[in-house]
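One structure is given below, encoded as structure tokens.
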Amino acid sequence: MQIILPRSSTIPSIRARIFTIYSGENQSNNDTKKQTNTPSIYSNNLSSVVIKVFEGERSMTKDNNLLGTFELSNISLPASGEPQIEITFDIDANSILKVSALDKTSAKEKIITITNDKGCLSRDEIKRGSPTVSIPSRFYNACRENNIDLVKDYLQTMSLEEINKMEPNGSTALHVAAYCGHEEIVKLLLEKGACSSTINKYNCTPLDEAKTNKIRQLIRRRMNGNRFVSDTIEWILSTGDADFIAHKYLKILEKYGTDPDFHRLIVYIKQNYLEMDLQNIDDINIIKEYFDMAINKKDPVYLLKAYTAETGFYSTLNVHLAQLRLENLTSQENISRAYYIGIIARHPKFKTYSYTGEVFRGMVITDNDLKKYQIGTRILTKTFSSTSKKLHIALRFLDKNQNTNGGLSTICKYQIRNERTALDIEHISLFEDEKEVLILPYSAFKIIDIKQNKDSSPRVEIDLKECEPW
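For the sequence shown, the working numbering assigns the number 2 to the initial residue and increments by one for each residue that follows.
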């Protein structure tokens, strides 16, 4: 038995050794006849060799733990008569071990992968040379191996503490799923409340470990608590003409959405808004990719995909819309935003996405804000507003926004009555479990009820009913 990866090795690590294969029939002769600098392997058949991988440091093979066996066959016989095989151990930062055998003559190779469920050493044990082997839980291994059905079974009965457990190798299940690029596992863990801010022993959060952009977006969405929560900057309070104002501005925007060459407008938005005003937001390249797909495929749905992506785009866009004076909506400095709203609000393709029914959104307001809201007051939305068909989704995001500065946790229930006021984007969004419905800018609502709960959360409930179309 030859040691390839010593217990004291740091990880990630790659170690390799070259072995010369001699005929097993003449092993005793070869021991004295062959004096080389490479270790030896004896085989009764020079055209194949069986590789056994063990864990342990005992001198006798039988006293160590067998991790795996594989065979490299059809080995080419070199001119010297004795083939040489290169054995490589490659252990990554997550303690996943790959063992390969390479025929140096023909370049033929065989590889096996060994994970901790088969007993391989954890990172800690390799680093510190501990004689005790600590193996991660079966749940952790299921997450690492992308065993979706098994993970679902575990999650049915696991507590949040168990889901967020720091394993013996210094990482959580969410860390390993993010690291390995297992998007569905990451989604399942986050839906069950897995903590996305835990730091593993390598000083990394699951976001730091994320292998793909999609996983980064999944994690950021759970870290970002304000997608379904707002402040009053979204609204313009109006005493009586909110519905008329809504009609007036949507009429102006309609021509952009029905323009048969709308993709030219998207080019303008990209050049004059994304590349000029938003060049420094988080993950702007992801947004540019969506816009390019919308342009090249002449498909406006990619504009919505850009909005639902967990980047800095949607929040920055809404800040700009909230600050915009309505009378300046179509001025040169704002026209790119007007194009974007017009396409989403009025492009014919979005007609099938129209949603009517109840939706929920959280809000944090002050006592002074609350005094402004009276039953019968009409309001006008200024921004895109993400809502959910499920109350518990809005409450979950609202809980993340609780503060100690006098803000009142508030749930707004919207009754959507008219087509094209809101779009059901559940199946467009990367986050289908959020059941998202997007209320469009310049939608008019009337407050029909206000309830206050002194001793429970949410502290305030506001019911809003959409105004009749003008």
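Ideal placement from N, C-alpha and C gives every residue a C-beta, glycine not left out.
Keep in mind the model is a prediction, meaning the values are calculated, not measured.
Listed as beta-bridge partners of TYR415 by DSSP are VAL360, LEU465. Taking the CA atoms as reference points, ALA339 sits about 27 Å from ILE448.
Going by beta carbons, ILE136 and PRO169 fall inside the 8 Å limit.
For PHE351, the three-state secondary structure derived from DSSP is helix. From the listed residues TYR23, ALA423, LYS271, MET364, the smallest Cα separation to SER410 is found for MET364. Contact annotation: LEU439 and ILE426 have beta-carbon atoms nearer than 8 Å. DSSP places ALA143 in the uninterrupted alpha helix (DSSP H) bounded by 139-145. Judged by DSSP in its simplified three-state form, LYS99 adopts strand. Segment contact: the segment 359-377 against the segment 318-334, fewer than three CB-CB distances shorter than 8 Å; contact not assigned. Residue pairing for THR422: DSSP places it in no beta bridge. Secondary structure at ASP244: helix, using DSSP grouped into helix, strand and coil. Separation of the CB atoms of SER198 and ILE92 is rounded to 27 Å, and the pair is thereby denied contact status at 8 Å.
Counting of Cβ neighbours within 10 angstroms places VAL51 among the exposed residues, the total staying below 16. In this structure ASP104 is buried. Its beta-carbon is surrounded by 16 or more other beta-carbon atoms within 10 angstroms.
Within the segment 310-339, the runs of alpha helix (DSSP H) that reach at least 4 residues and sit entirely inside it are, in chain order, 314-324.
In the three-state DSSP reduction, ASN273 falls in the helix class (H, G or I).
GLU184 has its alpha-carbon roughly 10 Å from the corresponding atom of ASN214.
Under DSSP, ASP450 forms a beta bridge with ASP464. Cα atoms of ASP260 and LEU191: separation of roughly 41 Å, rounded to the nearest angstrom. In the structure shown, the three-state DSSP call for LEU441 is coil. Here the alpha carbon of ASN419 sits roughly 29 Å from the alpha carbon of ARG460. DSSP places ILE216 in the helix class (H, G or I) of the three-state scheme. CA-CA distance, ILE267 to TYR341, rounds to 8 Å. Annotated three-state conformation of PHE292 is helix, per DSSP. The shortest CA-to-CA distance from GLY343 to any of THR422, GLY313, TYR356 is the one to THR422. In chain order, GLU87, THR89 place their CB closer than 6 Å to the CB of ALA17, counting only its own chain and leaving out the 5 sequence neighbours on each side.
Going by DSSP, ASN65 is part of no beta strand (DSSP E) at all; its letter is neither H nor E.
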